[in-house]
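Numbering (my numbering), first residue to last: 6 to 90. Glycine included, each C-beta is placed from N, C-alpha and C at the ideal position. So the structure is just underneath, and the comments pick up after that.
Here's what the structure looks like:
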């Protein structure tokens with residue numbers, strides 16, 4: 006039998022809950038950091054992309070997200086970079 010004295014005076018259920026909340030908070034924090042980093046990466050790609058290239062990709066793909074435009078450009082960067090030469 007576990008007593009309060011054996012666990013240092015702290016209830017183990019309370020300690021377990023605090024650990025779980027802390028771990029869930031850390032996972033959430035890291036997830037948000039990942040989202041922010043991804044958005045910064047997408048914005049950097051689009052900012053450095055020539056306007057003509059952006060227009061060609063939008064015309065080709067239609068109504069798509071900024072992330073999809075950046076993915077298309079990254080997947081075919083050599084092709085799109087040669088369009089402007």
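For residue j and residue i, believed in contact at Cβ under 8 Å, the rounded distance
i          : j          : result
residue 88 : residue 77 : Going by Cβ atoms, the distance from residue 88 to residue 77 rounds to 13 Å, so no, they are not a contact pair.
residue 19 : residue 51 : With a Cβ gap of about 48 Å, residue 19 and residue 51 do not count as contacting.
Element boundaries [alpha helix (DSSP H), containing residue i]
i          : result
residue 41 : 17-53
Helix, strand or coil at residue i according to DSSP, with G and I counted as helix
i          : result
residue 69 : coil
residue 89 : coil
Member of the options whose CA lies at the smallest distance from the CA of residue i
i          : options        : result
residue 85 : 68, 54, 72     : 54
residue 60 : 47, 75, 49, 46 : 75
residue 47 : 34, 80, 56, 73 : 73
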